[in-house]
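Notes to accompany the following structure.
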Ligand code: NAD
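Residue numbers (full-length UniProt numbering): 1 to 503.
This is how it looks when you write it as C-alpha cells:
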C-alpha cells in the first residue's frame with residue numbers, strides 16, 4: 001500500500017518524455033516525431049511520447065527477428081530463461097507503487113483500483129514461468145512395433161502484441177509474460193492514450209538485462225504503427241485486445257501474411273438478478289461491476305436484467321448507491337469514479353446519454369462538482385425503462401452507464417440476455433442452485449459468474465464468444481497460442497518403403 005507520504009512525493013515528480021525501446025536501447029523515433037500525452041483529470045499535457053511509424057516497426061521487428069533466429073533466447077537452458085522471467089516479476093514488485101500511480105495519472109482510473117490491478121502484474125510473470133515448467137511436455141504415440149511418434153512444443157517466432165488503454169499494465173504483462181516465457185521475442189505496441197506504464201515495463205525489462213532484441217516497445221498510433229506490425233511478414237503472431245471493429249480490421253490486414261490472431265474484444269455483458277437472489281450482495285456486485293474502473297471495463301455488467309417482482313426495490317436501492325458514489329481526483333485515495341481516458345471517449349459516452357433520451361428512456365445521472373470541470377467526467381448514470389432493442393441496450397458504451405431491463409421468468413431472462421452481438425461475460429444471481437447452473441450454461445458468453453463478482457483465477461480460460469473474441473488467453477490456453485506443436489516420427493524398425501524405379 002502506498003503511504004500518503006510516498007504518493008505525495010510521486011505527485012511532485014515531473015514525467016520525462018518517453019522513447020521507443022528497440023534492440024535493448026531507448027531511442028527516438030526515426031523521423032523524430034512525437035505526440036502529446038494528456039492528463040484526463042486536468043487535460044494538461046503530461047509529457048511527449050516518441051511516435052513510432054512504419055520504419056520504427058520495421059526496425060523493432062528486425063531486432064526481434066534477429067534475436068529469435070540467432071540470439072540465445074529460445075535455445076538457452078529453460079531454467080536460465082525462466083530466471084529472467086522471475087527477475088522481471090521481482091523488479092515489478094519493487095515498482096508497484098510507482099506503476100499504480102502512473103496508471104492513475106495516465107488513465108484517470110482511481111488509484112485505489114489501479115493498485116489492486118497492478119499488484120497482479122508480477123504474478124502474471126511468475127504464473128507463466130511456472131506454467132512453462134509444467135507444460136513443456138509432449139505426447140508419445142506407439143505405432144505398432146515400427147514407430148514411436150512424439151510431440152514437442154516450440155516457440156513460434158516474433159509476437160506482435162497490441163493493447164488498449166483501459167487496464168494497460170495488467171493487459172500488457174498478460175501478453176508479454178507468456179510470449180517471453182515460451183521463448184518468443186516480442187514487439188509491443190501499447191495504446192497511444194496510456195503510454196506511461198508501458199515505458200516503465202521497458203525500463204524494468206531493460207534492468208532485468210534480457211538479451212538485446214528479445215523485448216521491444218514501439219509507441220504510436222494504431223492505424224500507423226499498429227497497422228505496420230499487423231502487416232509485417234516477419235511477425236507470426238498477433239495478440240490483440242481492444243474494440244471489436246479494430247479486431248475485425250486486424251484480422252483482415254493480417255490475412256496476407258497468414259498470422260495466428262488472438263482477439264479479446266468488446267462486451268455488453270448481462271447481470272441477471274432473480275427474485276430469490278441475495279439482494280444486498282447482488283446489489284454490491286452490480287454497482288461494483290459497472291462503475292469500477294470508471295465503467296471502462298470489458299467485462300462490465302452494463303445490462304442489468306431484474307425479475308419484475310424485485311424491480312422497484314432494486315432500482316430504489318441502486319439509485320441511492322449510485323448517488324453516493326464518490327467522483328473525483330483519480331489520485332485521491334477515496335475516489336471511486338475518476339475521469340474518462342480522453343476528450344474523444346468522453347464525447348462518445350456523453351453522446352449515449354443523448355441517444356438514451358432520444359430513445360425515450362429515463363436517464364438518472366448526477367452533477368459533476370465545478371472543481372472537476374476540467375476533467376473528462378461523466379457522472380455514474382442509470383438508464384431506466386429501456387427496451388432490449390435500443391442502442392443503449394445493445395452497444396458498448398464503455399463508461400459508468402448502466403442500462404436496466406426487466407424479465408418475467410427464466411426463459412425470458414435467457415432470451416433477452418442472448419439477444420446481443422457480444423458474448424464476453426455474464427453474471428447470474430439466484431439462490432436456486434439448479435437454476436444458477438442452467439442459466440450459466442445457456443447464456444451465450446465466454447465467462448459466467450454465478451452469485452459472484454468478476455473474480456478470476458489465472459489458470460482459467462479468459463475470452464469471449466460471438467463478437468467478443470476469438471481464442472482464449474490465460475492458463476494453458478495462452479501456452480497453446482504462443483507455442484507451435486511439432487510431431488516427430490521415429491522409425492524403430494525396418495518398415496516397408498516403396499521401391500520406385502528399382503528394376
Ligand atoms: P482500440 O481498438 O481503439 O485500440 C486498441 C489498440 O489497438 C491500441 O493500441 C490501438 O492503437 C490499436 N489499433 C487501433 N487501430 C489499429 C489498427 N488498424 N491496426 C492495428 N492496431 C490498431 O481499443 P481501445 O479503445 O484502446 O480499448 C477499449 C476496447 O477494448 C473496448 O471495446 C473493450 O471492451 C476492449 N477490451 C477488451 C478486453 C477483453 O479482454 N475482451 C479487455 C480490455 C478491453
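Cβ atoms here follow ideal geometry from the backbone N, Cα and C, with glycine treated the same way.
Given residue i, which residues of its chain have a CB within under 6 Å of its CB, disregarding the five upstream and five downstream residues?
i, result
"residue 470", "263"
"residue 1", "For residue 1, the predicted model reports a pLDDT of 49, less than 50, meaning its position is unreliable and no value from the coordinates is stated."
"residue 227", "none"
"residue 178", "128, 478 and 482"
"residue 74", "155 and 183"
"residue 403", "303, 383, 386, 392 and 393"
"residue 257", "233"
"residue 17", "47 and 48"
"residue 314", "306"
Answer yes or no: do residue i and residue j have a C-beta to C-beta separation smaller than 9 Å?
i, j, result
"residue 364", "residue 384", "yes"
"residue 356", "residue 317", "no"
"residue 272", "residue 417", "yes"
"residue 22", "residue 218", "yes"
"residue 100", "residue 79", "no"
"residue 335", "residue 328", "yes"
"residue 426", "residue 448", "yes"
"residue 96", "residue 125", "no"
"residue 463", "residue 477", "yes"
"residue 213", "residue 52", "no"
"residue 244", "residue 220", "no"
"residue 338", "residue 110", "yes"
"residue 48", "residue 37", "yes"
"residue 377", "residue 131", "no"
"residue 436", "residue 454", "no"
"residue 504", "residue 65", "The chain is shown from 1 up to 503; residue 504 falls before or after that span and cannot be answered."
"residue 197", "residue 284", "no"
"residue 205", "residue 88", "yes"
"residue 143", "residue 134", "no"
"residue 188", "residue 201", "yes"
"residue 103", "residue 164", "no"
Identify, in the order they occur along the chain, each residue of the same chain with its Cβ nearer than 7 Å to the Cβ of residue i, setting aside the five sequence neighbours on each side.
i, result
"residue 238", "160, 162, 230, 250, 254, 259 and 261"
"residue 491", "146 and 147"
"residue 67", "73, 185, 211, 212, 213 and 214"
"residue 19", "26, 27, 28 and 50"
"residue 325", "291, 336, 337 and 380"
Which one of the options has the shortest CA to CA distance from residue i?
i, options, result
"residue 166", "190, 182, 463 and 332", "190"
"residue 360", "407, 195, 124 and 390", "390"
"residue 289", "275, 265 and 322", "322"
"residue 423", "277, 475, 300 and 336", "300"
"residue 116", "170, 434 and 75", "170"
"residue 57", "281, 458, 234 and 380", "234"
"residue 27", "314, 59 and 257", "59"
"residue 431", "88, 13, 484 and 281", "281"
"residue 473", "82, 466 and 460", "460"
"residue 193", "108, 380 and 71", "108"
"residue 308", "12, 293, 294 and 277", "277"
"residue 488", "153, 223 and 354", "153"
"residue 42", "428, 412, 310 and 343", "343"
"residue 298", "268, 286 and 438", "268"
"residue 77", "5, 434, 113 and 136", "136"
"residue 484", "466, 15 and 157", "157"
Report yes if the C-beta of residue i is less than 8 Å from at least one heavy atom of the ligand NAD; otherwise report no.
i, result
"residue 18", "no"
"residue 227", "yes"
"residue 420", "no"
"residue 191", "yes"
"residue 185", "no"
"residue 230", "yes"
"residue 245", "yes"
"residue 440", "no"
"residue 305", "no"
"residue 298", "yes"
"residue 250", "yes"
"residue 159", "no"
"residue 124", "no"
"residue 162", "yes"
"residue 165", "yes"
Who are the Cβ neighbours of residue i in its own chain at under 8 Å, not counting the five residues just before and after it?
i, result
"residue 352", "391, 392, 395, 397, 399 and 401"
"residue 90", "122"
"residue 30", "53, 55, 56 and 59"
"residue 503", "none"
Say whether chain D places a C-beta atom closer than 9 Å to the C-beta of residue i.
i, result
"residue 387", "Of the protein chains in the structure, only one exists, and it is not chain D."
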